[in-house]
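Numbering (my numbering), first residue to last: 3 to 499. A virtual CB, placed ideally from N, CA and C, is assigned to each residue, including glycine. Being a predicted model, the structure only gives us computed values, none of them experimental.
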């Protein structure tokens with residue numbers, strides 16, 4: 003532990019790879035760089051905690067969210083901004099639970115799942131978590147490919163292939179320590195913010211209308227409810243819960259009660275600041291799209307683009323104001339968003355595999371496996387369906403993430419249950435999960451109603467789909483109703499700290 007006289011943050015490497023204590027956290031048994039937090043209480047300690055929140059907030063501004071924001075602004079102007087505000091507040095509450103779990107127990111969410119659930123349920127949860135990471139990686143692959151196409155006119159399929167190599171290069175930075183990785187991701191987040199803030203300055207939306215959209219809830223127009231559900235459901239990513247609970251372990255904090263409380267407080271502040279940046283970026287995207295696509299002077303060609311706005315078409319938004327630089331600025335933001343998201347996705351995958359299976363894999367091997375599974379469908383769709391098909395694949399990926407969310411969120415809530423905050427956190431989480439389940443059921447019903455298949459095949463698909471939905475709800479019920487032994491090991495519940 004650092005002495006009280008030396009207040010600067012120090013780096014310490016733990017190389018003890020033995021596991022003599024079966025209850026010891028896996029993160030304490032791998033080679034792990036830790037930032038030592040001084041024992042003396044001071045607001046200067048906040049600097050030592052800065053970093054994990056920015057790695058987490060990337061998921062809230064990934065290419066999938068960017069596309070949803072673009073469509074929300076194009077179709078409903080500023081009318082859905084209040085959804086972003088509501089979702090960001092809910093995300094802060096849930097992410098703080100994940101951070102508190104790691105701080106209080108010294109173990110991350112995947113490790114708690116391995117200790118809590120029998121072998122088969124634990125294995126199924128691991129598979130679901132891995133599927134979520136691959137599904138999250140698909141929009142990053144496609145978004146990066148679109149960005150490379152805008153910047154260098156590389157074909158979409160070529161950009162898909164290049165994304166696999168680019169992320170491996172950036173992951174080499176990880177060997178220089180977690181602090182360097184956090185600095186890189188923070189710079190990429192600020193790059194995304196700068197690009198969209200520049201576009202916002204040129205778009206000049208009416209501030210009064212933006213404020214009204216933020217604080218006056220309303221849903222007007224056909225399809226507004228569906229898009230609102232997509233916005234709210236996409237704001238909490240399953241892999242983020244595993245990631246955040248693991249990232250906080252990169253700080254070696256004083257294990258006293260006051261030290262743990264200080265860590266939870268500073269992580270809440272740090273996460274709040276990072277999520278505020280992500281919130282402002284999402285507001286900027288919707289405002290730019292809403293301002294341009296709802297302009298009375300819009301040309302017929304631009305109006306057609308706005309009617310089905312996607313990542314590949316969005317560069318036209320400010321072309322009349324800043325010319326070709328419109329596409330360049332948007333492409334740089336998209337590239338930074340996609341690359342940073344894939345890095346954090348790989349990082350989350352490492353902790354998921356370590357926690358659920360007690361297995362460690364080198365980052366580049368881990369990245370190759372995840373990226374290969376994401377590249378194959380992306381490449382096939384890019385070759386066959388082009389940019390329109392790639393955009394539809396992002397929607398499919400968001401549906402998969404909606405499916406996976408309860409299997410990360412429910413264990414987190416069970417492990418962090420507290421008498422004072424349980425009702426509030428369960429209420430927020432139940433609303434989010436209910437929205438995601440409704441979204442999945444609505445998609446199934448819509449498919450069956452408008453299916454081009456013959457009657458017999460449609461009936462079979464319907465029976466299979468509803469059977470799968472019942473099994474899905476039964477699995478959620480198992481997680482909710484199962485008595486959790488792990489919560490007893492957390493004094494007062496992580497949420498109480």
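Only residues of its own chain outside the window of five on either side were considered, and among them 331, 332, 334, 335, 338 have a CB closer than 8 Å to the CB of residue 197, listed in chain order.
A residue is called buried once 16 or more other Cβ atoms fall within 10 Å of its Cβ, and residue 114 is buried on that count.
A straight-line Cα-Cα distance of about 43 Å links residue 243 and residue 298. Scanning 46, 474, 76, 381 for the CA closest to the CA of residue 442 turns up 474. In the displayed model, residue 39 falls within coil according to three-state DSSP, outside both helix and strand. For residue 182, no pairing in a beta bridge is given by DSSP. Residue state for residue 267 is assigned as helix, using DSSP reduced to three classes.
Following the DSSP letters along the chain, one finds residue 480 inside the alpha helix (DSSP H) bounded by residues 457–483.
Between residue 191 and residue 342, the CB-CB gap stays under 8 Å. Just so you know, the alpha carbons of residue 44 and residue 207 end up roughly 41 Å apart. Separation of residue 160 and residue 147 (C-alpha to C-alpha, rounded to the nearest whole angstrom) is 8 Å.
Minimum Cα-Cα distance from residue 265 among the listed residues 48, 484, 62 corresponds to 48.
Counting only the Cα atoms, residue 271 lies some 20 Å from residue 258.
Its Cα nearest to that of residue 349, the residue 364 stands out among 428, 364, 478. When the five nearest sequence neighbours on each side are left out, the beta carbons in the same chain lying within less than 6 Å of the beta carbon of residue 486 are those of 416, in order along the chain.
Per DSSP, reduced to three states, the secondary structure at residue 254 is strand. By the neighbour-count criterion, in which 16 or more other beta carbons inside 10 Å mark a residue as buried, residue 466 falls on the exposed side. Excluding five sequence positions before and after residue 414, the CB atoms of its chain that fall closer than 7 Å to its own CB belong to 99, 100, 103, 111, 243, given in chain order. Counting C-beta atoms within 10 angstroms of its own C-beta, residue 106 has 16 or more neighbours from the protein chains shown and is therefore classed as buried. About 4 Å separates the Cβ atoms of residue 75 and residue 292, confirming a contact at the 8 Å cut-off.
In the DSSP assignment, residue 409 falls within the unbroken alpha helix (DSSP H) covering 408–417.
For residue 219, the CB contacts under 6 Å within the same chain, skipping 5 residues up- and downstream, are 84 in chain order. Nearest to residue 203 by alpha-carbon distance, out of 93, 386, 285, is 285. Just measuring C-alpha positions, the residue of 308, 438, 459, 352 sitting nearest residue 78 is 308.
Beyond the five residues adjoining it in sequence on each side, residue 404 comes within less than 7 Å, by CB distance, of 235, 438, 441, 442 in the same chain, given in chain order. Between the alpha carbons of residue 314 and residue 232 lies a gap of roughly 20 Å. Residue 71: member of the alpha helix (DSSP H) spanning 65–78, first to last residue. Here the C-alpha atom of residue 97 lies approximately 20 Å from the C-alpha atom of residue 478.
Under the three-state reduction of DSSP output, residue 246 falls in the helix class. Around residue 226, the same chain offers 78 as residues with beta carbons nearer than 6 Å, after the five sequence neighbours per side are excluded. The C-beta distance from residue 152 to residue 380 rounds to 17 Å, too long to fall under 8 Å, and the pair is not in contact.
Pairing residue 184 with residue 65 gives a Cβ-Cβ distance that is not under 8 Å.
The alpha-carbon of residue 401 is positioned some 44 Å away from that of residue 40. Where residue 330 is concerned, the enclosing alpha helix (DSSP H) starts and stops at 327–359. Classified as exposed, residue 222 has fewer than 16 neighbouring CB atoms from the shown chains inside 10 Å of its CB. Cβ-Cβ separation between residue 430 and residue 95: approximately 6 Å, consistent with a contact (criterion under 8 Å).
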